[in-house]
Amino acid sequence: MSTRRYRLFQAVIFLGLFLFLIAKILNTQLLWYINKRFIILTEIGIVLLLILAVRLFSETRFVRKPHQDEEHDQHGDKPASINLWILSIPLLIGVLIPAKPLDSTAVSAKGLTTTSALISSNSSSHPFETESEQRNILDWVKLFYFENDLTPYTGQKASVIGFVYFDDRLPKGQFFVSRFILACCAADAYAVGMIVDPPAGTSIKQDEWLQVKGLVEVGSFDGHNSPLIHAEAITTVPQPDQPYLYP
Amino acid sequence: MASITAPRRASRTVLWLVLLGVLAVVLFSILPFSLFIELGPKLNLFATVFLGIFIEALPYLLLGTLISGVVEVFLDRDQIGRFISKRPVPAALTGAFMGLIFPVCECGVIPLTRRLFHKGLPLPAGIAFLLAAPVLNPIVIFSTAAAFGWGTMLAWRMGLSLLIAVIVGLVFSVEQVPSSVLHGALILSPGHDHAHAEAHLSFGSKIRQALLICADEFFEMGRYLVVGAMLAATLQTFIPQSALLAIGNGPILSVLVMLALAILLSICSTVDAFVALGFVGTFSFGSILSFLIFGPMVDIKSILMYLQVFRHKPVAYLVLLPFLMSLLAGIAFNYFAP
Chain A
31 MSTRRYRLFQ AVIFLGLFLF LIAKILNTQL LWYINKRFII LTEIGIVLLL
81 ILAVRLFSET RFVRKPHQDE EHDQHGDKPA SINLWILSIP LLIGVLIPAK
131 PLDSTAVSAK GLTTTSALIS SNSSSHPFET ESEQRNILDW VKLFYFENDL
181 TPYTGQKASV IGFVYFDDRL PKGQFFVSRF ILACCAADAY AVGMIVDPPA
231 GTSIKQDEWL QVKGLVEVGS FDGHNSPLIH AEAITTVPQP DQPYLYP
Chain B
83 MASITAPRRA SRTVLWLVLL GVLAVVLFSI LPFSLFIELG PKLNLFATVF
133 LGIFIEALPY LLLGTLISGV VEVFLDRDQI GRFISKRPVP AALTGAFMGL
183 IFPVCECGVI PLTRRLFHKG LPLPAGIAFL LAAPVLNPIV IFSTAAAFGW
233 GTMLAWRMGL SLLIAVIVGL VFSVEQVPSS VLHGALILSP GHDHAHAEAH
283 LSFGSKIRQA LLICADEFFE MGRYLVVGAM LAATLQTFIP QSALLAIGNG
333 PILSVLVMLA LAILLSICST VDAFVALGFV GTFSFGSILS FLIFGPMVDI
383 KSILMYLQVF RHKPVAYLVL LPFLMSLLAG IAFNYFAP
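Heads up: the sequence lines are chains A and B, in that order. Our numbering puts the first residue of the first sequence at 31, with every later residue one more than the last. Our numbering puts the first residue of the second sequence at 83, with every later residue one more than the last.
Printed below as a string of structure tokens:
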């Protein structure tokens, strides 16, 4: 590959990554991949990608003369064109494979917890102080993990949003309403969930997004006290723009 | 010559694409349809995890290579040798802390170390720099803190990486000259000292040159990030974490599993803290610490790069000494500070 074509290919990849990330920010899908607080870093990256793309496009204008190319080749430090193909892979994967946030398939691979030490204690939200109906799934799970005496919380009203995950270890008819917790990116995500005891005759599907309202009880999962909702009302909701919760 | 080989290479690429297409068609017709239905969600999971790691790492990689390009163009490396003592201990210590000035990750540090040897850097300093710089540099300090907070994990990671780098640097001080551990041909290769050769250039031209170096280094290092992220995403998609937990139990075995992962995943040190975060809860503090110390020093990609720069015996030392010390550190933590 001539130096000029190599530069052009590099520029196209930088431009492609630039456009890809811009699109992901505009349609909020970036939140499916990384924690909200790292978006600023991605924005810095986007600016650098554009600068590099422009720089390389301008470089292709200067190495047009063929004898210059050959001179460059004889230096023996010509960059390997395999790099270009490998750096095209993220773009190909991003464009060809339909984007989807982590779902029940990911729960099967990464596991789900109802009481976990994975949850850092130095978090910003205070599940104990918030109104019971304002708590999200992570708040309830934290509360059940950190509180020794759960009696004040049983019978409290809960209203949470999450996706459906059926687990074989639950009694028939029950399911999890769960959310993924993301510290940095999709690679470190893990799922938390609350057991739902639905009213008779409820029909729901795996991965469906629900709002579950009802009274909280102490349930049991894997030998641990786990939050369980005696559901009074279950409504399907659209998937939130921000599908994950942050620890 | 390029005009003859280029079409031949292009036709070979086409041949491969055709072969791949045929293979895909054959697979589609032979394998049961249900397998693809099952693979669909797995593919989505793979793509999400892969893009997660890649998008997260991209800004760090871009900033790292940009700084590297700026350093390359604006710093005259002829002066570096003069600032560093010839005595082993001060040399190794200085080398280990040089990462604070040259913020490179493990992909960039190897060619840079070779260039610095050529500029008269003492051997212990170079080796300590090689092993410590991927961790003891501002970008990695920031990313580790972003993942684990400004706490014990960060402190132990920095402290132990420094210690191991200095010890290995001192081991290498028994050799008098770099040429005894480096491949001969490489030492003689005239380094492109951009700062020296282009001292007459204007500021603007230097910036343009730095951006070009940044782009090339991004592609050189980015390929290891892509391959590493693909490996990590594949592992996460097909191996449930519960299976890993099953192998990785116990104070010694868990460290070995994490060290093996550090080699296999080959994740850039600027982002490995985020990946390690995913193992919190599955693995103990000691095992994750050993992963964070060892990963930046040795993994698949750096072993390949070491072999191109160093002779075989030094590479064995560069791999085994950090391995044993990281293993020891991890096990010690598991026993004494569980």
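For each residue, glycine too, the CB sits at the ideal point set by N, CA and C. In this text, all values refer to a predicted model and were calculated from it rather than measured experimentally.
Does DSSP put residue i in a helix, in a strand, or in coil?
| i | result |
| --- | --- |
| A:Asn255 | strand |
| A:Pro90 | At residue 90 of chain A the sequence reads Thr, which differs from the Pro that was named. A:Thr90: helix per DSSP, three-state reduction. |
| A:Glu161 | coil |
| B:Lys383 | helix |
| A:Glu247 | strand |
| A:Met224 | strand |
| B:Ala342 | helix |
| B:Ser366 | coil |
| A:Val242 | strand |
| A:Leu278 | Because residue 278 of chain A is not part of the residues shown, which for chain A are 31 to 277, the question remains open. |
| B:Phe392 | strand |
| A:Thr266 | strand |
| A:Tyr276 | coil |
| B:His200 | helix |
| A:Leu173 | helix |
| A:Gln98 | With a pLDDT of only 46 at A:Gln98, under 50, the local geometry of the prediction cannot be trusted, and the value read off the model is given with reservation. Reduced to three states, the DSSP call for A:Gln98 is helix. |
| A:Thr278 | Because chain A here runs from 31 to 277, residue 278 of chain A falls outside it and cannot be looked at. |
| A:Ala83 | helix |
| B:Ala419 | coil |
| A:Ala217 | helix |
| A:Ala261 | strand |
| B:Asn126 | helix |
| A:Ala41 | helix |
| A:Thr72 | helix |
| B:Leu194 | helix |
| A:Tyr183 | coil |
| A:Met31 | coil |
| A:Ser233 | coil |
Give the range of the beta strand (DSSP E) segment to which residue i is assigned.
| i | result |
| --- | --- |
| B:Ala292 | Element bounds for B:Ala292: not the beta strand (DSSP E) but the alpha helix (DSSP H), Phe285 to Phe320. |
| A:Tyr195 | Lys187 to Tyr195 |
| A:Phe205 | Phe205 to Ile211 |
Would you kindly report the start and end of the unbroken alpha helix (DSSP H) that includes residue i?
| i | result |
| --- | --- |
| B:Gly177 | Pro170 to Phe179 |
| A:Arg67 | Unbroken run through A:Arg67: none, as it is neither H nor E. |
| A:Thr58 | No alpha helix (DSSP H) holds A:Thr58; DSSP gives it neither H nor E. |
| B:Ile183 | That residue, B:Ile183, is in no alpha helix (DSSP H); it is neither H nor E in DSSP. |
| A:Ser118 | Ile112 to Leu126 |
| B:Phe356 | Asp354 to Leu359 |
Can you say whether residue i is buried or exposed, counting buried as having 16 or more other CB atoms within 10 angstroms of its CB?
| i | result |
| --- | --- |
| A:Ser88 | exposed |
| B:Pro439 | Outside the displayed range of chain B (83 to 420) lies residue 439 of chain B, so it cannot be described from this structure. |
| B:Ser85 | Caution applies to B:Ser85, whose pLDDT of 45 falls short of 50 and renders its modelled position unreliable; the value that the coordinates give is listed next. Flag for B:Ser85 reads exposed. |
| A:His185 | The identity of residue 185 of chain A in the sequence shown is Gly, whereas the question assumes His. So A:Gly185 ends up on the exposed side. |
| B:Gly310 | buried |
| A:Ser233 | exposed |
| B:Asn416 | buried |
| B:Phe285 | exposed |
| A:Gln40 | buried |
| A:Gln164 | exposed |
| B:His282 | exposed |
| B:Ala237 | exposed |
| B:His200 | buried |
| A:Arg199 | exposed |
| B:Pro396 | buried |
| B:Gln291 | buried |
| B:Ile329 | exposed |
| A:Ala263 | exposed |
| A:Asn57 | exposed |
| B:Phe418 | exposed |
| B:Ala210 | buried |
| A:Trp62 | buried |
| B:Phe132 | buried |
- Task: Can you give me, in chain order, the residues of the region 128 to 139 of chain B that have a beta carbon less than 9 Å from any beta carbon in chain A?
- Result: Listed in sequence order: Phe128, Ala129, Thr130, Val131, Phe132, Leu133, Gly134, Ile135, Phe136, Ile137, Glu138 and Ala139.
- Message: Quick check for students: name the residue ranges of the alpha helix (DSSP H) that lie wholly in the region 206 to 276 of chain B, counting only runs of 4 or more.
- Response: Taking only runs of at least 4 residues, the alpha helix (DSSP H) segments lying wholly in the region 206 to 276 of chain B are 220 to 230, 234 to 254 and 266 to 270.
- Task: Determine which residues of the region 283 to 308 of chain B have a Cβ less than 8 Å from any Cβ of chain A, and write them out in chain order.
- Result: Within the region 283 to 308 of chain B, the qualifying residues are Arg290, Leu293, Leu294, Cys296, Ala297, Asp298, Phe300, Phe301, Glu302, Gly304, Arg305 and Val308.
- Query: Looking at chain A, which residues of the region 312 to 324 of chain B have a Cβ within less than 9 Å of any of its Cβ atoms?
  - Reply: Those residues of the region 312 to 324 of chain B that come within reach of chain A (Cβ to Cβ, closer than 9 Å) are Met312, Ala314, Ala315, Gln318, Thr319, Phe320, Ile321, Pro322, Gln323 and Ser324.
- Query: Which of the residues in the region 62 to 73 of chain A, read from start to end, lie with their CB under 8 Å from any CB of chain B?
  - Reply: Using a CB distance below 8 Å, the part of the region 62 to 73 of chain A facing chain B consists of Trp62, Tyr63, Ile64, Phe68, Leu71 and Thr72, ordered along the chain.
- May I ask you to list, following chain order, the residues of the region 213 to 236 of chain B that have a beta carbon less than 8 Å from some beta carbon of chain D? Chain labels in this structure do not include chain D; the protein chains are A and B.
- Would you list, in chain order, the members of the region 368 to 400 of chain B that have their beta-carbon closer than 9 Å to a beta-carbon of chain A? Hits within the stretch: zero.
- Message: Please identify, using Cβ separations under 8 Å, the residues of the region 199 to 218 of chain A that lie next to chain B, in order along the chain.
- Response: Those would be Ala213, Cys214, Cys215, Ala216, Ala217 and Asp218, in chain order.
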